[in-house]
Every structure is written in C-alpha cells, then in structure tokens.
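K.L.:
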Amino acid sequence: MLRQIEGSRAVAETVALCRPEVVCAYPISPQTHIIEAVGAMVKEGLLSPCEFINVESEFAAMSVSIGASAAGARTYTATASQGLLFMIEAVYNAAGLGLPIVMTLANRAIGAPINIWNDHSDAMAVRDSGWIQLFAETNQEAADLHVQAFRLAEELSVPVMVCMDGFILTHAVEGVDMLEQSVVDGFLPPYEPRQVLDPDDPVSIGAMVGPEAFEEVRYLAHLRQMDALVRIPAIAKAFEEVTGRASGGLLRSYRTEDADTIVVALGSVLGTIKDAVDIRRDAGERVGVVGITSFRPFPREAVREALSKASRIIVIEKAFSIGFGGVLATDVALVVQGSNSKVFSVVAGLGGRAITRRSLEDLLAQSARGDLKSLTFLDLDGAAVDRERTRMANTRRSGPSAENLLRDVGTEHAASKVKS
Amino acid sequence: MFQIRIHGRGGQGVVTAAELLSVAAFAEGRHAQAFPSFGSERMGAPVVSFCRIDDREIRTREPVMVPDALIIQDVTLLHQVDLFSGLSSEGYVLVNSSKSFDELGLGEFLRTFHSERLLTCPATEFALEHLGRPLPNAALLGGFAALTHQITLDALDRALRDRFDGVVGERNAVAAAAAFQYVIEQEEGLVRASPN
C-alpha cells in the first residue's frame with residue numbers, strides 16, 4: 003500500500019516484514035528512528051519470535067549480531083558514522099566468517115571535526131571489509147533493498163549493508179509503496195544457514211588460519227562477491243516480478259542512449275542530478291546519468307558497458323581518499339581504462355553540504371566548455387581555505403583549523419548580512 | 479512544483495508541520511516530500527523544515543532555497559534568521575501573530591508582494607482556545623490551506639486525526655478549521671476593501 007511515510011519508518015517496517023529473529027543495535031544519528039521503530043515493534047510483540055538485544059556500544063552490537071547469526075538466527079542491525087568505525091573489527095569479522103547479517107548504514111560523515119550530517123565517508127571506510135554494499139536512491143528503494151538484501155545475504159552467506167543517505171533519506175517523508183507480509187514471505191524463504199553453531203552437531207567457527215590457507219579463504223570471499231554480481235540482478239528481477247517495481251540491481255542508466263557526457267553517482271543525490279541533466283538536455287547537451295546501486299561488488303562489466311559511448315565521465319561522490327581523490331572515480335577510471343573517455347572526479351556534499359541543482363548545472367556547463375579539472379571540490383569556499391593557509395604560513399601557532407574556519411566563515415556571513 | 483519553507487523553534491512542531499502538509503497533499507493524490515533542516519536541534523533553537531508538493535514525482539533532494547510560501551511559526555525569529563531568503567514577491571507569507579505586518583515592522587519590506595498572499599494569523603491564540611496549549615501548528619496549517627489552496631481543509635483534517643489520536647486529533651482539527659475560517663473571513667474583508 004502506498005503510504006506517505008518517513009524513510010526510517012519505511013525501512014523499520016520493511017525489516018519487520020523480513021521476520022528478523024535477532025535485532026541488536028546501538029542508537030546513533032541519523033540511524034536512530036529506524037532502531038527505535040524496530041525496537042518498539044519487537045516490544046509490542048508484532049515481531050515474534052524476535053529478540054531485541056540492548057547493548058552498550060556498536061562494537062557489542064555487531065559482536066552480538068555475529069553470535070546470533072552464527073547460531074542460525076536471521077539478524078539485523080543498523081548504524082552510522084562513528085558507530086560503524088567503533089564496530090569495524092567486528093564488521094570485518096562478520097564478513098570474514100561469512101555471516102549473512104543485514105545492516106542499514108544511515109550514511110553520515112566521520113569526524114573530526116564532529117559532524118552529524120550526511121556523506122559517504124562511513125561506507126567508504128569499510129569498503130574493503132567484504133560486506134556487500136548497496137546504495138539506495140530513494141526511500142522506496144531503501145525499503146525494497148532490505149528485502150533483497152536478506153535474500154542475497156542468506157543465499158551467498160555474505161553480510162549485506164544497505165546504505166541510505168542519513169537525514170536526506172532517513173528523515174524525509176515521502177510516498178513509499180509498502181510491501182505486504184505475504185509478498186515478503188513468498189520472496190524471502192526461511193533462513194537456512196550454511197554454517198551454524200548447534201550443540202547437537204558441534205563445529206567451531208572462526209579458526210585461526212595461517213599462511214597455508216588465508217589467501218584461499220580471502221579469495222573465496224572474493225568469489226562470493228563475484229557470484230553476487232550475478233545474484234543481485236537476478237534477485238532484483240525476481241523482486242520486480244512479484245512487486246512490479248524495479249528496485250536494486252547493479253546499476254541504473256538514465257538518458258544515456260546518445261550521451262557523450264555521463265554523470266556517475268551513488269545514492270540520493272541521483273535525484274537532483276537527474277533534474278540538472280534534464281535541464282542541460284533541454285539546452286541541447288547530450289548528458290546522461292548512471293546510478294550505481296551495487297558499489298561492492300563493483301560491477302565492472304556493467305559499468306564499462308553503461309559508459310562505453312561517453313567521452314566524458316563525471317563521477318560525483320560524497321567522499322574522497324584524502325591525498326588522492328574520489329574513491330568511486332578511481333574504480334570507474336580503472337574500469338574504462340583503454341577507452342577514449344576521460345574520467346573527472348567531483349567531490350561534493352561533504353558533511354551535509356547541500357548539493358544543489360544549480361551547482362550541478364554549472365558543473366555540467368563547465369564540463370561542456372572543457373573547463374572541468376580532473377579533480378574538483380564542488381562549491382568549495384576557496385577564499386576561506388586560502389585565508390587559513392595564510393594564517394598557517396604566517397604563524398606557527400595558528401591553532402586548530404576547524405575552529406579557525408568556523409570563526410572565519412561566521413565572520414564572513416555576519417559581514418555580508420550587514421552589507422545587505 | 480510548490481515549495482514551502484517553515485520556520486519555527488525546536489518544540490513547536492516545525493518538522494511535524496511539514497510532514498502533515500505532505501500527508502494532506504499525498505491524501506489528495508499528489509506527490510509530496512517533507513524533510514527537516516538537518517542538525518542537532520533542541521528546544522527553542524531556530525528550526526527549519528521543508529515541504530514540496532507536485533503533480534509529478536519529486537526527485538530533487540536539495541533544501542528549499544526558493545520557496546513559494548513561507549510559514550513563520552514564531553515572530554521572535556524575524557530579526558534573528560534570514561527568513562525571507564529566496565522568496566520572490568510572488569510568494570505567500572503566513573505568520574503566526576495577532577499583529578499586522580505593519581505592526582511587525584514588515585509592511586515596507588512586503589510592499590511589493592501581493593497583499594492577498596500575505597497573512598498574519600493568531601494561530602497560538604487559536605491553539606490556546608482549542609488545545610489549551612500554545613502549539614500553533616494545526617491552526618497555521620488551516621490558515622495555510624485557506625491562503626494557498628495547496629491542500630484542502632478536508633485533507634488536513636484527516637491528516638491531523640491520523641497523526642493525533644482521539645480527543646487531541648479532534649481538537650487539532652477544530653483549531654485548523656477555526657483558522658481556516660478566520661483566513662477566509664480576512665480574505666473576504668480584503669476583497670471588500672479593495673477598490674477593484
């Protein structure tokens with residue numbers, strides 16, 4: 003049924019439809035509404051059998067999730083930002099052990115400086131952990147991806163992270179077509195673990211593995227993700243057959259048929275990008291969009307195919323590898339290597355800075371003029387950066403840059419208000 | 479697309495107001511998107527929320543920077559926050575106050591606006607009368623429905639009763655209807671006073 007509903011609520015109710023048996027999570031903005039809602043549903047007995055386990059930290063949340071999953075329970079958790087970093091050792095363990103935990107990541111920046119707003123730094127920090135990472139464009143897709151995630155995780159015995167933009171999606175109220183229990187039950191078979199801790203049939207999970215087999219274990223994990231490249235579109239197709247809705251998959255193209263410029267991005271910013279692209283299209287430019295849903299595994303073949311006709315590829319992403327540049331851009335550049343297309347890396351929306359249609363239009367215009375640099379920081383206040391660099395050059399004890407910049411831009415804002 | 483920006487203070491229901499607007503628009507078969515300004519809000523701090531209403535899918539995720547309508551829940555924000563940023567003289571302005579725009583010191587600023595799109599509405603007074611608490615949301619939204627016709631009073635009534643159970647829903651609905659009626663009467667007064 004189509005409902006006007008908060009993204010967090012839609013995800014919580016959809017997770018409940020997946021009948022998790024153990025939920026263990028520690029609240030952190032902007033994930034909190036999801037966990038509060040799931041917790042309330044467990045307490046009201048709407049989810050049975052299901053245990054919501056309260057813990058003292060994210061490290062414990064993932065550790066309990068590992069134990070629950072190893073004991074054969076369908077297990078769900080959610081976190082964001084510093085919470086993900088706090089559990090990171092256990093995040094790697096969940097993947098290394100091949101436990102099909104599903105986790106919502108309500109994407110948020112990582113401090114310092116502390117910042118509760120949205121970007122993709124948290125997801126990128128665990129890019130190499132072995133979790134499958136799926137990015138939702140809308141709240142509809144965020145909800146749908148969770149159902150697909152449980153099926154994918156359990157088929158392959160790999161944990162799956164559903165990434166949804168913190169606040170931008172989690173706190174947005176919009177129309178979401180909520181699934182019926184019978185549809186989810188039909189789509190998602192009961193969890194049949196590949197490995198389980200069972201006192202009647204004891205095994206050990208988590209052995210120490212030395213140089214004689216470690217590489218092979220890791221390679222097997224890689225192969226499972228390569229299998230996921232086949233299963234992700236197949237599961238999306240099966241989902242579309244029962245719901246009539248195209249959600250998930252490896253990637254989605256928009257107006258790319260004749261495009262010589264293609265913008266590539268992850269997550270909710272794709273909506274604003276599509277609006278900007280429509281405007282540039284109306285102005286006669288041949289521009290398209292490719293939204294990547296499956297970031298890990300990275301769909302090399304599908305990306306290469308989707309971008310094959312473009313001469314300019316602009317990768318807009320809400321994270322970057324400090325000291326190098328865009329993370330997604332690096333993956334894309336590697337995939338299109340050998341073709342005649344040029345890849346431009348655009349870092350945008352860090353720490354919740356709004357990515358506006360106007361800025362995206364300007365960016366596309368800049369690209370059309372051939373003025374785009376290989377690495378661009380969208381809407382960067384270069385003057386403020388220069389002033390801090392000057393302070394640092396002039397004074398050894400220039401103090402903390404974050405506080406200096408706050409003071410600097412605060413002063414600027416006040417000055418511009420006086421002028422107007 | 480019709481874009482609304484709501485300004486208030488933490489605890490006044492700024493976020494709920496945007497959500498209720500979106501629910502009312504949705505109930506009438508339209509696409510709607512509501513979201514708060516994202517931050518570590520707390521009681522009394524300036525808070526902003528946004529709502530978009532359209533007949534087609536809403537894809538953009540940027541904050542509302544060029545609103546078609548402003549709802550201002552708390553006049554003490556008038557001189558603290560850049561409330562009118564991005565609003566053109568075609569825009570609607572609804573302020574929770576029993577004072578006139580002139581009395582609020584906004585008469586000159588709003589001189590180029592369409593007078594029939596500007597209104598102060600004593601929403602807190604309506605709330606005190608019908609809810610017994612100074613929560614201006616329902617009344618302001620009733621006023622908004624009458625002023626802009628973007629949502630109907632019926633849809634708002636249902637949204638309020640869905641959101642608030644029993645007697646609370648009933649009282650909110652009554653406050654909304656009273657403010658709606660008030661705005662209609664104010665507008666009729668404007669029309670009668672107009673030389674055209």
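So the protein sequences, as listed, match chains Y and L.
Take the first sequence: its position 116, counting from 1, is numbered 118 in my numbering, and each next residue is one higher.
Take the second sequence: its position 70, counting from 1, is numbered 548 in my numbering, and each next residue is one higher.
Even glycine gets a Cβ: it sits at the ideal position worked out from N, Cα and C.
Remember, it's a predicted structure, so these values are computed and weren't measured experimentally.
#1: How about Ala510 of chain L and Asp532 of chain L: are their beta carbons less than 9 Å apart?
#2: At what residues does the alpha helix (DSSP H) containing Gln183 of chain Y begin and finish?
#3: Can you give me, in chain order, the residues of the stretch 161-192 of chain Y that have a beta carbon less than 9 Å from any beta carbon in chain L?
#4: Can you tell me where the alpha helix (DSSP H) holding Gln368 of chain Y begins and where it ends?
#5: Applying the criterion that 16 or more other CB atoms from any shown protein chain within 10 Å of the CB defines a buried residue, is Asp448 of chain L buried or exposed?
#6: If you draw a straight line from the C-alpha of Val411 of chain Y to the C-alpha of Arg21 of chain Y, how long is it?
#7: Can you give the Cα-Cα distance for Pro402 of chain Y and Asp121 of chain Y, rounded to whole angstroms?
#8: Using 9 Å as the limit for Cβ to Cβ distance, is Arg391 of chain Y near chain L?
#9: For the beta strand (DSSP E) containing Ser255 of chain Y, name the first residue and the last one.
#10: For Val348 of chain Y, which of Y:Lys45, Y:Arg389, Y:Phe379 has the nearest alpha-carbon?
#11: When you compare only the Cα positions, how much space is there between Ser310 of chain Y and Ser341 of chain Y?
#12: Check whether chain Y comes within 9 Å of Asn674 of chain L, counting only Cβ atoms and requiring the distance to be less than that.
#13: Name the two residues that bound the continuous alpha helix (DSSP H) containing Gly293 of chain Y.
#14: Could you name the residues of the stretch 249-281 of chain Y whose beta carbon sits closer than 7 Å to any beta carbon of chain L, in the order they occur along the chain?
#15: Can you give the Cα-Cα distance for Lys421 of chain Y and Asp635 of chain L, rounded to whole angstroms?
#16: Under 6 Å Cβ to Cβ from Glu497 of chain L, same chain only, skipping five residues before and after it: list those, please.
#17: Determine the contact status of Ala223 of chain Y and Val160 of chain Y, defining contact as a CB-CB distance below 9 Å.
#18: Using 9 Å as the limit for Cβ to Cβ distance, is Ile357 of chain Y near chain L?
#19: If the cut-off is 7 Å on Cβ atoms, which residues from the stretch 488-520 of chain L count as contacting chain Y, listed in chain order?
#20: For Thr140 of chain Y, which three-state DSSP category applies?
#21: Is it right to say Glu319 of chain Y is buried, meaning 16 or more other beta carbons lie within 10 angstroms of its own, or is it exposed?
#22: Note the first and the last residue of the continuous beta strand (DSSP E) segment covering Met64 of chain Y.
#23: Buried or exposed: which applies to Ile118 of chain Y, given that a residue is buried once 16 or more other Cβ atoms fall within 10 Å of its Cβ?
#24: Could you check the C-alpha separation between Tyr28 of chain Y and Gln84 of chain Y for me, to the nearest Å?
#25: Tell me which residues share the same chain as Gln339 of chain Y and place their Cβ nearer than 7 Å to its Cβ, disregarding the 5 neighbours each side in the sequence.
#26: Alpha carbon to alpha carbon, how far is Arg196 of chain Y from Phe300 of chain Y? Give it in angstroms, no decimals.
#27: Can you give me, in chain order, the residues of the stretch 520-542 of chain L that have a beta carbon less than 8 Å from any beta carbon in chain Y?
#28: With DSSP collapsed to three states, give me the class of Asp167 of chain Y.
#29: Please state whether the Cβ-Cβ distance between Ala505 of chain L and Asn615 of chain L is less than 9 Å.
#30: Pull up the distance between the alpha-carbon of Ala321 of chain Y and that of Val525 of chain L, whole angstroms please.
#31: Go ahead and pull the three-state DSSP assignment for Arg649 of chain L.
#32: With distances taken between CB atoms, is the gap from Ile37 of chain Y to Ala18 of chain Y smaller than 9 Å?
#33: Just checking: is the beta-carbon of Glu46 of chain Y within a distance shorter than 9 Å of some beta-carbon in chain L?
#34: Note down, in chain order, each residue of its chain lying with its Cβ closer than 7 Å to the Cβ of Arg611 of chain L, except the 5 sequence neighbours on either side.
#35: In three-state terms, what does DSSP make of Pro658 of chain L?
#36: Report the residue from L:Ala653, L:Gln481, L:Thr602 whose alpha carbon sits nearest the alpha carbon of Gly564 of chain L.
P.N.:
Looking at the coordinates:
#1: Result yes, Cβ atoms of Ala510 of chain L and Asp532 of chain L sit closer than 9 Å.
#2: Counting along the chain, Gln183 of chain Y sits inside the alpha helix (DSSP H) bounded by residues 183-189.
#3: Per Cβ criterion, the list reads Asp167, Gly168, Phe169, Ile170, Leu171, His173, Ala174, Val175, Glu176, Gly177.
#4: Where Gln368 of chain Y is concerned, the enclosing alpha helix (DSSP H) starts and stops at 359-370.
#5: In the structure displayed, chain L extends from 479 to 674; residue 448 of chain L sits before or after that span and is not available.
#6: About 49 Å.
#7: Looking at the two C-alpha atoms, the distance is approximately 23 Å.
#8: Taking Cβ atoms only, chain L never reaches closer than 9 Å to Arg391 of chain Y, which makes this a no.
#9: For Ser255 of chain Y, the uninterrupted beta strand (DSSP E) run begins and ends at 253-256, by DSSP.
#10: Considering only alpha carbons, the answer is Y:Phe379.
#11: Ser310 of chain Y and Ser341 of chain Y: Cα-Cα distance of roughly 8 Å.
#12: Since pLDDT at Asn674 of chain L reaches only 45, below the 50 mark, its modelled position is unreliable, and the value read off the structure follows with that caveat. So no, Asn674 of chain L is outside the interface.
#13: No alpha helix (DSSP H) holds Gly293 of chain Y; the beta strand (DSSP E) holding it covers 289-294.
#14: Answer set for the stretch 249-281 of chain Y: Ser270, Val271, Gly273, Thr274, Lys276, Asp277.
#15: Its pLDDT being 37, under 50, Lys421 of chain Y is placed unreliably in this model, and the value from its coordinates should be taken loosely. Answer to the nearest angstrom: the Cα atoms are 44 Å apart.
#16: Take Glu497 of chain L, set aside five residues on each side of it, and the residues of its chain with a beta-carbon closer than 6 Å to its own are Ala512, in chain order.
#17: For Ala223 of chain Y and Val160 of chain Y, yes; Cβs fall inside 9 Å.
#18: Closer than 9 Å to some Cβ of chain L, the Cβ of Ile357 of chain Y qualifies, so yes.
#19: For the stretch 488-520 of chain L, the beta-carbon criterion of a distance under 7 Å to any beta-carbon of chain Y is satisfied by Glu497, Ser500, Val501, Phe504, His509, Ala510, Gln511, Ala512, Phe513, Pro514, Phe516, Ser518.
#20: In this structure, Thr140 of chain Y counts as coil in the three-state DSSP scheme.
#21: That one is buried.
#22: Unbroken run through Met64 of chain Y is the alpha helix (DSSP H), 60-72; no beta strand (DSSP E).
#23: Flag for Ile118 of chain Y reads buried.
#24: Rounded to the nearest angstrom, the two C-alpha atoms are 12 Å apart.
#25: Taken in chain order, the list of residues that qualify is empty.
#26: If you take the alpha carbons of Phe300 of chain Y and Arg196 of chain Y, they lie about 25 Å apart.
#27: Listed in sequence order: Ile536, Arg537, Thr538, Arg539, Glu540, Pro541.
#28: Of the three classes helix, strand and coil, the one that applies to Asp167 of chain Y here is strand, per DSSP.
#29: It is not a contact, given that the beta carbons lie outside the stated cut-off.
#30: Between Ala321 of chain Y and Val525 of chain L, the C-alpha separation is close to 27 Å.
#31: Three-state DSSP puts Arg649 of chain L in a helix.
#32: Ala18 of chain Y sits away from Ile37 of chain Y, with the two beta carbons spaced by 9 Å or more.
#33: Judged by the 9 Å Cβ criterion, Glu46 of chain Y is not in contact with chain L.
#34: The answer, listed in chain order, is Ala605.
#35: The sequence given here places Phe at residue 658 of chain L; Pro does not occur at that position. Collapsing the DSSP output to three states places Phe658 of chain L in a helix.
#36: Out of L:Ala653, L:Gln481, L:Thr602, L:Gln481 has the C-alpha closest to the C-alpha of Gly564 of chain L.
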